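J.: Handing you a structure now.
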Amino acid sequence: MTLLQRPLIIALYTVFALLCGFATYQLAYKAGLDRLAKTGLVRIAQANDRLLGQLSKIKIIPVLLSESPIIIEAISKPQEINAFLLDKALVSGVDRIYVAHTNGNVLASSDVNTPASHLGKNVSNHPDFIAAKNGRLGFSHHLNPDSNAREFHYTSGIFSDTGPTIGVVGVHINISELEFEWAIDEVPIAYFDATNTIFVSNRPQLALRSFHHGPNALIPQSDRFWGHQIVRFKNNSTLADNNLILSRFIPQLGMTAVAFLDTSAIKDTAQMQSMLAITLLTALGLGLTILAQRRQSLSDQLALEEEANSKLEARVEARTKQLRSAQNQLVQAGKLSALGQMAANLSHELNQPLAAMQNFSENGTKLLAKGRAGEAQVNFSMIQTQVDRMTRIIRNLRAFSRKENEEIETVNLQDVIKDALTLAETRLQREETVLIRHGNTEPLWVKGGQIRLQQVLINLLNNAMDAMAHQETRCITLFTECTAETASVRLRDTGTGLENPNRVFEPFYSTKDRGASKGLGLGLSISYGIIGSFGGHLTCKNLPEGGAEFQLDLNRIDQRDRP
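Take 1 as the starting number for the sequence shown in the working numbering and just add one per residue.
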């Protein structure tokens with residue numbers, strides 16, 4: 001790499017890192033919007049069920065009253081039934097009940113004693129009155145000009161014995177009274193009528209506001225992002241600055257339900273992931289730069305030595321020997337480094353078999369010296385057993401350290417459990433932890449990955465032993481169960497239990513005491529993602545008798561269908 005090439009490569013790598021960060025932000029933001037959209041649809045459905053459930057109790061009132069003999073008689077023989085209507089209004093909790101003639105004149109009303117009474121008014125031009133007069137259940141919504149109250153109107157025709165409509169019963173309900181009964185929702189939801197005006201909302205501050213027109217308009221700025229509508233509000237104390245908009249038309253009301261979901265949290269998460277990607281790529285770039293500088297430095301040094309050798313032919317052989325000596329030292333240092341890493345990784349696992357082999361060899365030698373060859377043979381056979389055990393441990397460690405193919409394959413869950421227990425055996429013995437196995441021991445073929453499933457089980461075993469570190473009784477119980485569709489592994493411990501079982505699978509949430517581990521709290525989150533990628537489930541709970549239980553469910557494959 002020349003001095004002119006280096007800045008160009010650095011600039012290209014910087015652009016690459018920024019593009020990767022931007023792509024990470026876009027993908028993370030899209031994934032967050034997709035999740036938020038699903039949440040918004042659920043919120044809209046819940047709000048619709050709540051509102052329609054409240055209105056279902058109201059719209060039946062005019063139908064029942066239209067069949068009342070008192071009201072029917074009041075139409076044919078005019079008489080005062082205001083007190084009767086007031087009693088029904090108080091019992092049902094509605095705002096107003098009135099009875100009108102087919103010409104639209106109100107003959108009786110429950111609000112006769114109020115300044116804004118409907119008694120004597122004509123409602124023939126109201127769409128709900130027209131529908132009821134024609135034999136249908138009438139419905140409309142109005143803004144009361146006297147009280148500025150938002151009202152739902154339900155009407156039903158009063159029929160004579162011969163069939164024709166002789167009058168109409170109307171019920172008015174103040175929407176603010178319905179909204180008062182609603183619990184405070186996290187997500188603002190508004191119902192827009194045909195004029196694009198908010199008529200119902202779980203945020204009373206939004207009532208009677210519209211998007212684009214009028215003195216009280218919201219006037220948002222709207223964008224499209226990955227198929228989602230994002231609306232930005234300015235100086236709005238009720239709605240967040242940036243909102244994901246989801247809408248559903250409600251034919252029963254003739255209105256459109258709109259949910260406003262704050263996107264700031266997912267935006268912050270996407271920015272954090274983007275910065276993390278850029279940071280990792282920057283660290284990688286710095287590492288590659290340092291490596292390149294070292295290689296360049298070594299290359300320059302060799303070039304100088306070669307130039308000196310060409311000028312000093314008499315010293316070529318000595319220089320060659322020095323280079324060979326330096327090379328041998330580097331090779332030897334590499335061997336020692338690798339040997340040290342292997343010794344650090346295998347010392348705990350191989351310590352017990354080596355100690356056992358030493359004892360058996362000493363016993364076998366003594367028995368041979370005494371002429372007891374048969375008994376010595378038994379000791380030598382035990383040495384062979386320990387050698388097999390060491391071979392198995394090394395094979396499992398080597399397989400576990402290997403990077404696995406990301407493709408999902410068919411694996412035997414029993415083999416995965418066996419290998420994981422082999423790797424955890426030394427710690428179980430060192431910490432005097434009892435392992436009890438129950439359940440099915442026959443082959444259980446599932447969809448997954450051998451190494452990734454083993455990683456999940458080892459993580460669960462290590463977490464269980466960490467939870468029992470200060471317990472007098474340390475016992476892990478492992479159950480294997482299966483149905484026609486599912487193979488399950490349940491792992492119980494006698495530890496202190498989980499402080500918050502609902503959060504253990506969240507990233508960066510640790511199940512260990514503060515300061516007890518240097519981990520980032522990603523083990524269970526990664527395990528949850530691994531099992532989810534196989535189409536399975538990983539759950540947990542606290543046990544009544546103490547301790548915790550983790551359950552791993554995977555899709556079972558019939559042995560006849562196994563490739």
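The C-beta atom is built at its ideal place from N, Cα and C for all residues, glycine as well. Note that the structure is predicted; figures quoted are calculated from it, not measured.
By alpha-carbon positions, which one of V416, L119, I476, Q252 ends up nearest to L85?
T.: As a first step, residue 85 must be located in the sequence shown, where it is residue number 85. The residue with the shortest Cα to Cα distance from L85 is L119.
J.: When the Cα of D466 is compared with those of S147, R437, L428, which residue comes out closest?
T.: As a first step, residue 466 must be located in the sequence shown, where it is residue number 466. Cα-wise, what sits closest to D466 is L428.
J.: Is the beta carbon of L524 sitting closer than 7 angstroms to the one on G536?
T.: The sequence position of residue 524 within the sequence shown is 524, counting from 1. The sequence position of residue 536 within the sequence shown is 536, counting from 1. No, the Cβ-Cβ distance between L524 and G536 is not below 7 angstroms.
J.: By Cβ distance, which residues of its chain are closer than 8 angstroms to P115, with the 5 residues on each side in sequence left out?
T.: The count along the sequence shown starts at 1 and reaches residue 115 at position 115. Once the five neighbours on either side are set aside, the close Cβ partners of P115 are D146.
J.: Please list the terminal residues of the continuous beta strand (DSSP E) segment that includes R490.
T.: Sequence index remark: in the sequence shown, residue 490 carries index 490 (1-based). Where R490 is concerned, the enclosing beta strand (DSSP E) stretches over 486-492.
J.: By Cβ distance below 8 angstroms, which residues in the same chain neighbour I75 in space, the five residues on each side in sequence not counted?
T.: Position 75 of the sequence shown holds residue 75. Contacts found: V99, H101, L107, I158, I166, G167.
J.: Per DSSP, what kind of secondary structure is E545 in: helix, strand or coil?
T.: If you number the sequence shown from 1, residue 545 lands on position 545. Here E545 sits in coil by DSSP.
J.: What does the Cβ neighbour count give for N134, buried or exposed, with the cut at 16 atoms within 10 Å?
T.: Looking up residue 134 in the sequence shown gives position 134. Classification of N134: exposed, given that the 10 Å Cβ count is below 16.
J.: My parser needs the alpha helix (DSSP H) runs of 4 or more residues fully inside the stretch 437-482; what are they?
T.: Runs found: 450-467.
J.: What does the alpha-carbon distance come out to for the pair H141 and F199?
T.: Taking the sequence shown and counting its residues from 1, the one referred to as residue 141 is at position 141. Taking the sequence shown and counting its residues from 1, the one referred to as residue 199 is at position 199. Going from the Cα of H141 to the Cα of F199 covers about 9 angstroms.
J.: Is DSSP giving S140 helix, strand or coil here?
T.: Taking the first residue of the sequence shown as position 1, residue 140 is located at position 140. Correct three-state label for S140: strand.
J.: Relative to the ligand PLP, is the shortest distance from any of its heavy atoms to the C-beta of Y13 smaller than 6 angstroms?
T.: As for the ligand PLP, it is missing from this structure, which has no ligand bound.
J.: By the DSSP assignment, the alpha helix (DSSP H) with R372 in it spans what residues?
T.: On the sequence shown, position 372 is the one that residue 372 refers to. It is not in any alpha helix (DSSP H) - R372 carries neither H nor E in the DSSP assignment.
J.: Return the chain-ordered list of same chain residues with a C-beta closer than 7 angstroms to the C-beta of R324, the five sequence neighbours on each side being excluded.
T.: In the sequence shown, the residue the question calls residue 324 occupies position 324. Any reading at R324 needs caution, since the residue's pLDDT is 46, under 50, leaving its predicted position unreliable; the model's value is listed next. Same-chain partners within the cutoff: there are none.
J.: Note down, in chain order, each residue of its chain lying with its Cβ closer than 6 angstroms to the Cβ of K121, except the 5 sequence neighbours on either side.
T.: Locating residue 121 in the sequence shown gives position 121, counting from the first residue. Excluding positions up to five away in sequence, the list reads V106.
J.: Suppose the cutoff is 8 angstroms on Cβ atoms and the five residues either side in sequence are ignored; what does the same chain contact list for A240 look like?
T.: Against the sequence shown, residue 240 aligns to sequence position 240. So the list reads F233, F260, D262, T263, S264, once near-sequence residues are dropped.
J.: Quick one: what does DSSP say D185 is sitting in, helix, strand or coil?
T.: As a first step, residue 185 must be located in the sequence shown, where it is residue number 185. Reduced to three states, the DSSP call for D185 is coil.
J.: Provide the residue span of the beta strand (DSSP E) that contains Q229, from first to last.
T.: On the sequence shown, residue 229 is found 229 positions in, with the first residue counted as 1. Note, Q229: beta strand (DSSP E), 228-232.
J.: Does DSSP put G170 in a helix, a strand or coil?
T.: Along the sequence shown, read from residue 1 onward, the residue named residue 170 stands at position 170. Here G170 sits in strand by DSSP.
J.: Less than 7 angstroms between the C-beta atoms of G439 and E481, yes or no?
T.: As a first step, residue 439 must be located in the sequence shown, where it is residue number 439. As a first step, residue 481 must be located in the sequence shown, where it is residue number 481. Their beta carbons are under 7 angstroms apart, which means G439 touches E481 by this criterion.
J.: Sorted by chain position, which residues of the same chain lie with C-beta nearer than 7 angstroms to V331's C-beta, five sequence neighbours on each side aside?
T.: Looking up residue 331 in the sequence shown gives position 331. No answer about V331 holds up, because its pLDDT of 31 lies below 50 and its placement is not dependable.
J.: Do you know offhand how far F192's Cα is from A257's?
T.: Stepping through the sequence shown from its first residue, residue 192 is reached at position 192. Stepping through the sequence shown from its first residue, residue 257 is reached at position 257. Computed Cα separation, rounded: 6 angstroms.
J.: Look at V169 and L64 and say whether their C-beta atoms are less than 7 angstroms apart.
T.: By one-based count along the sequence shown, residue 169 stands at place 169. By one-based count along the sequence shown, residue 64 stands at place 64. The answer is no: Cβ separation not under 7 angstroms.
J.: Measuring alpha carbon to alpha carbon, tell me which residue in N202, F152, A487, K38 is nearest L413.
T.: Residue mapping note: residue 413 aligns to position 413 of the sequence shown, counting from 1. For the residues N202, F152, A487, K38, the minimum Cα distance to L413 belongs to A487.
J.: Please report the straight-line C-alpha distance between I458 and I44, rounded to a whole angstrom.
T.: As a first step, residue 458 must be located in the sequence shown, where it is residue number 458. As a first step, residue 44 must be located in the sequence shown, where it is residue number 44. Roughly 42 angstroms between the two C-alpha positions.
J.: Quick one: is A343 buried, meaning 16 or more other Cβ sit within 10 Å of its Cβ, or exposed?
T.: Translated into the one-based positions of the sequence shown, residue 343 becomes position 343. In this prediction, A343 has a pLDDT of 43, which is less than 50 and means its spatial position is unreliable; nothing more can be read from the coordinates.
J.: Could you check the C-alpha separation between I278 and T422 for me, to the nearest Å?
T.: Counting from one through the sequence shown, the residue named residue 278 turns up at place 278. Counting from one through the sequence shown, the residue named residue 422 turns up at place 422. Their Cα atoms are separated by approximately 39 angstroms.
J.: In three-state terms, what does DSSP make of G157?
T.: Reading the sequence shown from its first residue, position 157 is the one you call residue 157. In this structure, G157 counts as strand in the three-state DSSP scheme.
J.: Please report how far the alpha carbon of E409 lies from the alpha carbon of R209, in whole angstroms.
T.: Here residue 409 refers to the residue found at position 409 of the sequence shown. Here residue 209 refers to the residue found at position 209 of the sequence shown. Distance between the alpha carbons of E409 and R209: 57 angstroms.
J.: Given A205, which residues of its chain have a CB within under 8 angstroms of its CB, disregarding the five upstream and five downstream residues?
T.: Taking the sequence shown and counting its residues from 1, one reaches residue 205 at position 205. Looking at the sequence provided, one finds Gln at residue 205 rather than Ala. Excluding sequence neighbours, Q205 sits near S237, T238.
J.: Keeping to the same chain, check which residues put their C-beta closer than 6 angstroms to that of V411; ignore five residues upstream and five downstream.
T.: The residue you call residue 411 lines up with position 411 of the sequence shown. Cβ within range, chain order: G448, Q450.
J.: Using the rule of at least 16 other Cβ atoms within 10 Å of the residue's Cβ for burial, across every protein chain shown, is P220 buried or exposed?
T.: Along the sequence shown, read from residue 1 onward, the residue named residue 220 stands at position 220. Label assigned to P220: buried.
J.: Looking at the strands, I want to know which residues DSSP matches up with L280.
T.: Within the sequence shown, numbered from 1, the residue matching residue 280 stands at position 280. None, per the DSSP bridge assignment.
J.: Give a yes or no on contact between the stretch 542-549 and the stretch 494-505, applying the rule of three or more CB pairs nearer than 8 angstroms.
T.: The stretch 542-549, when compared against the stretch 494-505, does touch it at the 8 angstroms Cβ threshold.
J.: Can you tell me whether S109 is helix, strand or coil according to DSSP?
T.: Along the sequence shown, one-based indexing puts residue 109 at 109. S109 falls in the strand class under three-state DSSP.
J.: What residue range does the alpha helix (DSSP H) around V91 cover?
T.: The residue labelled residue 91 in the question sits at position 91 within the sequence shown. Run containing V91: 82-92, per the alpha helix (DSSP H) assignment.
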